[in-house]
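Protein chains in written order, with our numbering: chain A, 42 to 156; chain B, 28 to 139. Positions of the beta carbon are idealized from the N, C-alpha and C atoms, including for glycine. Below: one structure, written as structure tokens.
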């Protein structure tokens, strides 16, 4: 079945540091890929997405590129802020078989940004 | 535009009881999915409804069930609660059920 693997952390960085959170996936077809973010006490918010190979998703300074050859979708940001502290989830969706198969999530990466 | 609304936000139930959670999707969205989030298992897909029909189901026992009404609002029910059912239950809505989903804040269920 489908699966998503990402570092769980916690990942602790200083403000203005460069961020990379690795995400790799296993899928039977050609999935869409997503990064969701969860702030304390909140539900998940879509951060960015990519629907086909070589697509780059971007939002709020975050970027991720759909790499089919390495089955990866790593999240990057050039300069993190304290407000970026949250849990980040990589996810995929195939939607095959005539119905939505749901999102398959990684375990989540807890990011802590120190001032 | 109102987001996805889940009620109640918090619930405490006793083992063996049953519980019903409610989800109102974004206006116009016809797909509603449910997820269970626990520290050990992470986020797991429960089921998805589209136009009042269950289209897909995750690997959960039959104690977990759901339904969707004609206005796209959805409920999920858990019968014969077990301690391991304690979790954050998240509802997500989307236009078609494929890809991008918008999540509610969740219902925190504690089984004692």
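CB contact below 8 Å: residue 55 of chain B versus chain A: no
Leaving out five residues on either side along the sequence, give the residues of the same chain with a beta carbon under 6 Å from the beta carbon of residue 82 of chain B.
-> 75
Considering just the uninterrupted stretch of the beta strand (DSSP E) at residue 66 of chain A, what are its terminal residues? 64-67
Check your understanding: Relative to the alpha-carbon of residue 162 of chain A, which residue among A/147, A/53, A/107, A/148 has its alpha-carbon at the smallest distance?
Key -> With chain A running from 42 to 156 in the structure shown, residue 162 of chain A is simply not present.
* Between residue 130 of chain B and chain A, is there a C-beta pair that is closer than 8 Å? -> yes
### Query
According to the neighbour-count rule (16 or more other Cβ atoms, all chains shown, within 10 Å of its Cβ), is residue 110 of chain A buried or exposed?
exposed
Notebook entry, point to check: Which value, in whole angstroms, describes the spacing of the CA atoms of residue 43 of chain B and residue 69 of chain B?
Noted result: 24 Å
Contact check, residue 164 of chain A vs residue 102 of chain A, beta carbons under 8 Å = Because chain A is modelled from 42 through 156, residue 164 of chain A falls outside the range shown and cannot be assessed.
The beta strand (DSSP E) that contains residue 122 of chain B, what's its start and end?
From DSSP, residue 122 of chain B is part of no beta strand (DSSP E); its letter is neither H nor E.
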